[in-house]
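Engineer: Residue 1452 is where the sequence shown ends in our numbering, and the numbering goes up by one at each step.
The C-beta atom is built at its ideal place from N, Cα and C for all residues, glycine as well.
Keep in mind it's a predicted model, so treat the numbers as computed, not measured.
Below are the structure tokens for one structure; questions will follow.
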Amino acid sequence: MKFLKSSIVLMAVSVVGTSLIGVAANAATVPNEEKDSNTEVSFTDSTDPDAVLKLIHVPDVYKFETKLDASGTYSITGGIVENDRNITVFNDKSTQEWSVKASIVNDQLLGNSKAATVTAFQIDGVDLMGASATGIVHRSNVAPDVINNTGQISKPVSDAGLQIEFNNANMDLKAGDVLTGTVHYQLFNTPDAQ
């Protein structure tokens, strides 16, 4: 009797399982019975008293080329901005002013135990060194609004706008030498980097 009950239960499960599988296999869409919902996301100007400011990107490399000079003093106008040439800032608040200031780290170019002292550097006409230098290479618009001062705001650096001056006091440079230095960028939450 126990065996008979078990067989009946197994048969019932088997029949139900087969029926369910059969229903799933026969499911089909109903022609011309479909609809869509539009989805909309609106982005608002931040009302937070603290704006979110981020320095997103600066150019990877500024490259210059020159021949050796008997005086050891070099002035090169025009260079090459490698890869993405943009200085890019993110801002979520239209009324938040900002600026990006650039400087030359240690005023030095170094390589293969050789050194040169950088005496001038310009990015698109902006002096990074000297008494009157502001170093401000990108800043918020003078009349900021949601169009020109929110999201990612980029300013490209031109090849022609690059200029470097330096001297090699030891006069030890040879053709084929490569000296490297670093341009450092700092984002400020004021338009004048102060």
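Tell me whether residue 1364 sits in a helix, a strand or coil according to DSSP, three-state version.
Structural biologist: Translated into the one-based positions of the sequence shown, residue 1364 becomes position 106. Helix, per DSSP.
Engineer: Using the C-alpha atoms, what's the distance from residue 1348 back to residue 1411?
Structural biologist: Numbered from 1 along the sequence shown, position 153 holds the residue referred to as residue 1411. Numbered from 1 along the sequence shown, position 90 holds the residue referred to as residue 1348. When rounded, the distance between both Cα atoms is 6 angstroms.
Engineer: Would you call residue 1442 buried or exposed, if buried means 16 or more other Cβ atoms sit within 10 Å of its Cβ?
Structural biologist: For the purposes of this step, residue 1442 is taken as the residue at position 184 of the sequence shown. Per the 10 Å Cβ criterion, exposed.
Engineer: How would you write the range of the beta strand (DSSP E) that residue 1412 sits in, first residue to last?
Structural biologist: As a first step, residue 1412 must be located in the sequence shown, where it is residue number 154. Looking at the DSSP string, the run of the beta strand (DSSP E) that includes residue 1412 is 1409-1414.
Engineer: For the region 1334-1353 against the region 1431-1442, are there 3 or more C-beta pairs whose distance is under 8 angstroms?
Structural biologist: The region 1334-1353 is not in contact with the region 1431-1442.
Engineer: With DSSP as the reference, please indicate the residues paired to residue 1385 in a beta bridge.
Structural biologist: Residue 1385 sits at position 127 when you count from the first residue of the sequence shown. Answer is 1380, bridged to residue 1385.
Engineer: Can residue 1428 and residue 1330 be called in contact, C-beta distance under 9 angstroms?
Structural biologist: The residue you call residue 1428 lines up with position 170 of the sequence shown. The residue you call residue 1330 lines up with position 72 of the sequence shown. Closer than 9 angstroms, so yes.
Engineer: Between which two residues does the beta strand (DSSP E) containing residue 1326 stretch?
Structural biologist: Here residue 1326 refers to the residue found at position 68 when the sequence shown is read from its first residue. It is not in any beta strand (DSSP E) - residue 1326 carries neither H nor E in the DSSP assignment.
Engineer: What three-state label does DSSP hand residue 1354 in the structure shown?
Structural biologist: Taking the first residue of the sequence shown as position 1, residue 1354 is located at position 96. Correct three-state label for residue 1354: coil.
Engineer: Excluding sequence positions up to five away, which residues of its chain have a Cβ less than 7 angstroms from the Cβ of residue 1381?
Structural biologist: Your numbering for residue 1381 matches position 123 in the sequence shown. Result list for residue 1381: 1360, 1395, 1415, 1419, 1420, in chain order.
Engineer: Would you give the residue range spanned by the beta strand (DSSP E) that residue 1349 belongs to?
Structural biologist: Start at 1 with the first residue of the sequence shown, and residue 1349 comes out as number 91. Segment 1344-1349, the beta strand (DSSP E) holding residue 1349.
Engineer: DSSP on residue 1423, reduced to helix/strand/coil?
Structural biologist: For the purposes of this step, residue 1423 is identified with residue 165 of the sequence shown, where counting begins at 1. Strand.
Engineer: Compare the Cα-Cα distances from residue 1390 to each of 1397, 1343, 1378, 1364 and report the closest residue.
Structural biologist: For the purposes of this step, residue 1390 is identified with residue 132 of the sequence shown, where counting begins at 1. Nearest C-alpha to residue 1390: 1378.
Engineer: Return the CA-CA distance between residue 1434 and residue 1406, expressed in angstroms with no decimal places.
Structural biologist: Indexing the sequence shown from 1 puts residue 1434 at position 176. Indexing the sequence shown from 1 puts residue 1406 at position 148. C-alpha separation (whole angstroms): 44 angstroms.
Engineer: Can you tell me which residues form a DSSP beta bridge with residue 1444?
Structural biologist: Walking along the sequence shown from the start, residue 1444 turns up at place 186. Bridge partners of residue 1444: 1359.
Engineer: Does DSSP put residue 1340 in a helix, a strand or coil?
Structural biologist: Within the sequence shown, the letter at position 82 stands for residue 1340. Residue state, collapsed to three classes: strand.
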